[in-house]
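For the sequence shown, position 132 matches number 132 in full-length UniProt numbering, and the numbering has no gaps at all. Even for Gly, the Cβ is constructed at its ideal location relative to N, Cα and C. All figures in this text were calculated on a predicted structure; none of them were measured in a lab. First comes the structure, then the notes that go with it.
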Amino acid sequence: MCKKVSVIIPIFNAEKYLEECLNSIITQTYNSLDIILVNDGSSDKSLEICNKYELEDKRVRVFTQNNQGVSVARNLGLEHIKGEYVTFSDSDDIWEKSGIEKLVLSLEKNNTDLAVGAYNLYDHIKKSKTKVSYLDKEVYSIKDYLYFLNRGKTSPFFGSQCNKLYKKEIVNTVRYKEGVSYAEDYLFNLGILKKVHTISNVEEAIYNYRQSRENALSGSQSCDILEHWEANKKVYKETKKLFQLHDGLKIFDDFGFLVSMIHETLATGFICNKKTNFKYKKEVVSKILEDKILKKYCCSTKFSQKNWLIRYCYKYKKPLILALFYDVGIKIKY
Numbered sequence: 001m002c003k004k005v006s007v008i009i010p011i012f013n014a015e016k017y018l019e020e021c022l023n024s025i026i027t028q029t030y031n032s033l034d035i036i037l038v039n040d041g042s043s044d045k046s047l048e049i050c051n052k053y054e055l056e057d058k059r060v061r062v063f064t065q066n067n068q069g070v071s072v073a074r075n076l077g078l079e080h081i082k083g084e085y086v087t088f089s090d091s092d093d094i095w096e097k098s099g100i101e102k103l104v105l106s107l108e109k110n111n112t113d114l115a116v117g118a119y120n121l122y123d124h125i126k127k128s129k130t131k132v133s134y135l136d137k138e139v140y141s142i143k144d145y146l147y148f149l150n151r152g153k154t155s156p157f158f159g160s161q162c163n164k165l166y167k168k169e170i171v172n173t174v175r176y177k178e179g180v181s182y183a184e185d186y187l188f189n190l191g192i193l194k195k196v197h198t199i200s201n202v203e204e205a206i207y208n209y210r211q212s213r214e215n216a217l218s219g220s221q222s223c224d225i226l227e228h229w230e231a232n233k234k235v236y237k238e239t240k241k242l243f244q245l246h247d248g249l250k251i252f253d254d255f256g257f258l259v260s261m262i263h264e265t266l267a268t269g270f271i272c273n274k275k276t277n278f279k280y281k282k283e284v285v286s287k288i289l290e291d292k293i294l295k296k297y298c299c300s301t302k303f304s305q306k307n308w309l310i311r312y313c314y315k316y317k318k319p320l321i322l323a324l325f326y327d328v329g330i331k332i333k334y
């Protein structure tokens with residue numbers, strides 16, 4: 001008998017894309033599903049849509065709460081899982097038809113603790129997909145995986161829980177940090193990686209991440225760039241602890257990782273604050289470059305193409321250049 005997979009979907013004002021998301025799940029080639037919909041205080045028709053699916057499909061269960069954010073919603077879902085395996089979906093994304101089946105087959109065939117799949121960046125306006133695959137072999141030991149993670153300075157989707165399949169006994173030991181506005185999924189997966197020994201990879205794209213989404217997952221999200229930076233510093237510290245746990249500190253690139261966190265902070269922050277005055281953005285960049293966490297490692301890594309601009313701006317105190325780079329780049333792209 002096929003082992004059951006619990007799929008947890010936190011939902012906040014998602015009526016525009018929710019049915020497309022749910023249809024992609026209930027029509028999966030892998031039928032043994034426990035579909036958990038957590039309505040996070042939506043004020044639109046999301047709850048009505050959820051209730052309709054619950055009536056039509058016995059695999060669907062609906063839970064509702066006052067708006068408390070995506071972390072609380074996911075934790076509520078985790079309290080009610082019935083499956084031996086667990087995965088997640090965002091309420092406006094779309095699964096490939098055999099996505100869950102491929103994750104299950106990968107995990108069971110290779111007898112690993114965690115399965116990870118490639119994904120597509122889906123432009124719903126252009127109706128185009130761009131595949132992203134950041135793993136290059138079928139099975140990793142945790143030490144090999146950390147080496148790869150360090151070499152690539154992390155994928156922007158390493159933190160995503162939606163392209164992964166977790167074993168119940170492992171996921172039951174970890175919870176999302178509530179009250180955290182940024183990087184909660186990254187921190188969750190760092191907790192998972194402390195518990196696993198082996199990871200398998202699905203080369204085919206199993207999930208479609210919708211770009212240019214109008215709605216945030218939770219009404220409690222904000223666009224405070226410095227708060228985002230503080231969250232990413234916590235990610236750095238927790239990642240370093242993970243490497244230390246697995247005797248990987250010798251390969252951990254502190255400055256390279258911090259550079260990737262600065263890039264993620266500024267890219268995301270400048271998108272959220274496109275209409276904010278430039279003076280504020282420059283002040284934010286200046287405060288980040290003055291952060292004492294950078295001083296210890298700035299000169300301890302080789303000058304490379306990936307970090308030269310941030311290193312240069314840090315060394316020569318040029319926040320204006322870095323702020324202009326992200327401000328102009330974001331406006332051209334978006």
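Give me the Cα-Cα distance between residue i and residue j, rounded to the nearest whole angstrom.
| i | j | result |
| --- | --- | --- |
| Val171 | Ile192 | 7 Å |
| Asn110 | Phe148 | 19 Å |
| Val196 | Val328 | 42 Å |
| Glu283 | Asn201 | 42 Å |
| His263 | Leu55 | 45 Å |
| Lys194 | Glu48 | 39 Å |
| Lys250 | Val235 | 19 Å |
| Asp90 | Ser286 | 34 Å |
| Ala323 | Phe270 | 9 Å |
| Gln65 | Ser106 | 34 Å |
| Ser71 | Val86 | 16 Å |
| Lys177 | Leu187 | 8 Å |
| Thr198 | Ser6 | 21 Å |
| Asn51 | Phe257 | 44 Å |
Would you mind sorting residue i into buried or exposed? The rule is 16 or more other CB atoms within 10 Å of its CB.
| i | result |
| --- | --- |
| Met1 | exposed |
| Tyr326 | buried |
| Ser128 | exposed |
| Phe278 | exposed |
| Gly179 | exposed |
| Leu320 | exposed |
| Asn31 | exposed |
| Leu217 | Residue placement at Leu217 cannot be trusted, given a pLDDT of 40 that sits under 50; what the coordinates show is reported in the next sentence. Leu217 is buried by the Cβ-count criterion. |
| Ile125 | exposed |
| Glu96 | buried |
| Ile142 | buried |
| Ser222 | Unreliable placement is indicated for Ser222, whose pLDDT of 45 sits below 50; the coordinate value is still reported in the next sentence. Flag for Ser222 reads exposed. |
| Lys331 | exposed |
| Glu184 | buried |
| Glu214 | The predicted position of Glu214 is uncertain, since its pLDDT is 47 and thus under 50; a value taken from the coordinates is nonetheless stated next. Classification of Glu214: exposed, given that the 10 Å Cβ count is below 16. |
| Tyr280 | exposed |
| Asp123 | exposed |
| Thr173 | exposed |
Which of the three DSSP states, helix, strand or coil, is assigned to residue i?
| i | result |
| --- | --- |
| Thr198 | strand |
| Ser220 | Low confidence applies here, because Ser220 scores a pLDDT of 39, under 50, leaving its location unreliable; read the following figure in that light. Here Ser220 sits in coil by DSSP. |
| Gly191 | helix |
| Tyr209 | strand |
| Ala115 | strand |
| Leu135 | coil |
| Glu108 | helix |
| Thr130 | strand |
| Lys167 | strand |
| Asp123 | strand |
| Ile81 | coil |
Can you tell me where the beta strand (DSSP E) with residue i in it begins and where it stops?
| i | result |
| --- | --- |
| residue 336 | The chain is shown only over 1 to 334; residue 336 falls outside these bounds and no answer can be derived. |
| Ile8 | Val5 to Ile11 |
In terms of residues, what are the limits of the alpha helix (DSSP H) holding residue i?
| i | result |
| --- | --- |
| Asp254 | Asp254 to Cys272 |
| Ile25 | Leu18 to Ile26 |
| Asn39 | It is not in any alpha helix (DSSP H) - Asn39 instead sits in the beta strand (DSSP E) that spans Leu33 to Asp40. |
| Leu249 | Unbroken run through Leu249: none, as it is neither H nor E. |
| Phe278 | Phe278 to Leu289 |
Please determine whether the Cβ atom of residue i lies at a distance below 7 Å from any heavy atom of the ligand SAH.
| i | result |
| --- | --- |
| Glu203 | The ligand SAH is not among the ligands present in this structure, which contains no ligands whatsoever. |
(message) Between the stretch 160 to 180 and the stretch 117 to 124, can you find at least three pairs of beta-carbon atoms closer than 8 Å?
(response) yes
(request) May I ask you to verify whether the stretch 17 to 33 touches the stretch 55 to 67, counting CB pairs closer than 8 Å and requiring at least 3? (result) The answer is yes - the stretch 55 to 67 touches the stretch 17 to 33, with three or more Cβ pairs under 8 Å.
(message) Check whether the stretch 140 to 147 and the stretch 225 to 238 are in contact - that is, three or more C-beta pairs closer than 8 Å.
(response) no
(message) For the pair the stretch 5 to 13 and the stretch 44 to 52, tell me if three or more CB-CB distances fall below 8 Å.
(response) yes
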